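Presented below is the structure to which this report refers.
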Amino acid sequence: MKQPYDIVEMKIPAKPDYVAIARLTLSGIANRMGFSYDDIEDMKIAISEACTNAVQHAYKEEIGEITVAFGLYEEYLEIVVADKGESFDYGDLQKEAGPYETSREVEELPEGGLGLYLIDTLMDQTKITHNKGLTLMMAKNLQREQVESDGSTISTYEAK
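Right under this line is the structure:
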């Protein structure tokens, strides 16, 4: 398994006011690594959803904290959001929400459970583990712009 060339880790109170700090930190790191504007916006939505889930579900009325870590790799950015609160079973949540049907109106969709679906859609890789809380690992591949040596166009390629 590859080792990151840098790791940034922070702990924030499990309160809505601090979700923006995780989002802004991600934005700075992703920009520094060379991610596109669209990829940064996707990752900001994903980390906001992950942190908001921890704030709303992990600690209920108790005081708690969320650990947010960023693993900077040559080809991708790994983001980990972890709490030590009450956990839930993602499989059960998926069963409750049921399959997404394109024929249904937005108003007919069940409340809750869509945040994890959204995260999974926006990120290239996701993994949830339960161990004294919940840990959500997400990763986004870095796509760089490249100009051919004899060409005049810019194309994107996915780093491997």
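Going by my numbering, 112 is the number at position 107 of the sequence shown; the sequence numbering is gapless. We put the beta carbon where it would ideally sit given N, CA and C, even for glycine. Note that the coordinates shown come from a computational prediction; the quantities given were computed from them, not determined experimentally.
Relative to the C-alpha of G76, which residue among L147, D11 and L31 is closest?
Numbered from its first residue, the sequence shown carries residue 76 at position 71. Checked all of L147, D11 and L31; the closest Cα to G76 is D11.
Close beta carbons around I17, own chain, < 7 Å, minus the five adjacent residues each side:
If you number the sequence shown from 1, residue 17 lands on position 12. Within the same chain, I17 has close Cβ partners Y23, I26, A27, E70, I71 and V73.
Cβ distance (whole Å) where L121 is taken to contact D88 below 8 Å
Taking the first residue of the sequence shown as 1, we reach residue 121 at position 116. Taking the first residue of the sequence shown as 1, we reach residue 88 at position 83. At roughly 14 Å, the Cβ-Cβ gap does not stay under 8 Å, so L121 and D88 are not in contact.
Strictly under 8 Å for the Cβ-Cβ distance: is V86 near chain C by that measure?
Any reference to chain C falls outside this structure, which holds one protein chain only.
Straight-line Cα distance separating A59 from E79:
As a first step, residue 79 is located in the sequence shown; it is residue number 74 there, counting from the start. As a first step, residue 59 is located in the sequence shown; it is residue number 54 there, counting from the start. Their backbone Cα atoms lie some 29 Å apart in a straight line.
Per DSSP, which residues does H4 bridge with? Please list them.
Outside the displayed range of the chain (6 to 165) lies residue 4, so it cannot be described from this structure.
DSSP puts G76 in a beta bridge; with which residues?
By 1-based counting over the sequence shown, the position of residue 76 is 71. Paired residues: I12 and E83.
Within the continuous alpha helix (DSSP H) that includes G39, where are the two ends?
Looking up residue 39 in the sequence shown gives position 34. Per DSSP, G39 belongs to no alpha helix (DSSP H) and is neither H nor E.
In this structure, what does DSSP give as the bridge partners for E70?
Taking the sequence shown and counting its residues from 1, the one referred to as residue 70 is at position 65. E70 is bridged by DSSP to P18.
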